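First comes the structure, then the notes that go with it.
Numbering (this note's numbering), first residue to last: 230 to 456.
What follows is the structure in structure tokens.
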């Protein structure tokens with residue numbers, strides 16, 4: 230595992246749990262508002278995996294779970310092996326992903342290595358929109374992979390949430406309405422998270438009032454969270 234960061238204790242990254250957070254290196258997206266852009270590229274400055282495992286082993290009495298995020302964790306060839314190690318220590322595992330590798334997500338769930346999935350859905354699954362928000366040129370194959378991940382997660386039986394970062398420059402309220410009436414119409418939970426304006430000079434967040442107003446425009450079957 231190429232690990233670029235490690236938070237020993239977090240109360241906000243795994244809903245309702247006290248968790249450690251592992252940040253993997255490397256990402257196949259280039260979202261312009263990304264606050265973890267230092268993890269886009271793999272470097273030699275990595276955390277030693279064994280150190281993290283030993284820490285987790287020593288703190289099982291205090292921690293409930295481990296969040297594996299990035300970067301994009303599903304790019305790591307030994308991700309599932311790492312998750313198995315964590316599970317064998319008795320932890321709950323939350324995976325943060327952009328959904329571009331549905332086969333990895335599926336294997337993790339099928340092998341009972343993942344207890345919670347948070348998938349970032351950048352915008353409506355339209356090539357023009359998604360290319361702009363993700364920072365890479367999206368084709369039909371890419372969008373199909375995202376769709377497969379969404380469909381699998383919804384029916385997987387594990388806890389999950391979909392997340393959209395609300396940056397005024399790239400994501401419009403109509404995008405969210407379209408997303409909820411099409412791609413996410415069967416989902417149970419969507420989290421709208423504020424962008425961090427200091428990470429990118431063009432990134433302008435919405436007001437809490439503007440985000441709250443979206444509650445009335447999406448299906449009532451979808452639980453809307455605002456963070």
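All residues carry an ideal CB built from backbone N, CA and C; glycine is no exception.
A quick note: this is a predicted structure, and the numbers were derived from the prediction, not measured.
Its chain contains 262, 424, 432 as the residues whose beta carbon lies nearer than 6 Å to that of residue 396, once the 5 sequence neighbours on both sides are disregarded; these appear in chain order. Around the Cβ of residue 445, a 10 Å sphere holds fewer than 16 other Cβ atoms; the residue is exposed. When the five nearest sequence neighbours on each side are left out, the beta carbons in the same chain lying within less than 7 Å of the beta carbon of residue 362 are those of 260, 351, 352, 399, 400, in order along the chain.
Collapsing the DSSP output to three states places residue 394 in a strand. Residue environment for residue 304: buried (at least 16 other C-beta atoms within 10 angstroms of its C-beta).
Out of 309, 342, 331, the CA that lies nearest to the CA of residue 319 is found in 342. Within the DSSP secondary-structure output, residue 260 pairs in no beta bridge. The C-beta distance from residue 277 to residue 253 rounds to 14 Å, too long to fall under 8 Å, and the pair is not in contact. Taking residue 296 as the centre and dropping the five residues before and after it, the same chain places the C-beta of 242, 243, 248, 250, 323 closer than 6 Å to its C-beta, in chain order. In this structure, the alpha-carbon of residue 448 lies about 21 Å from that of residue 386.
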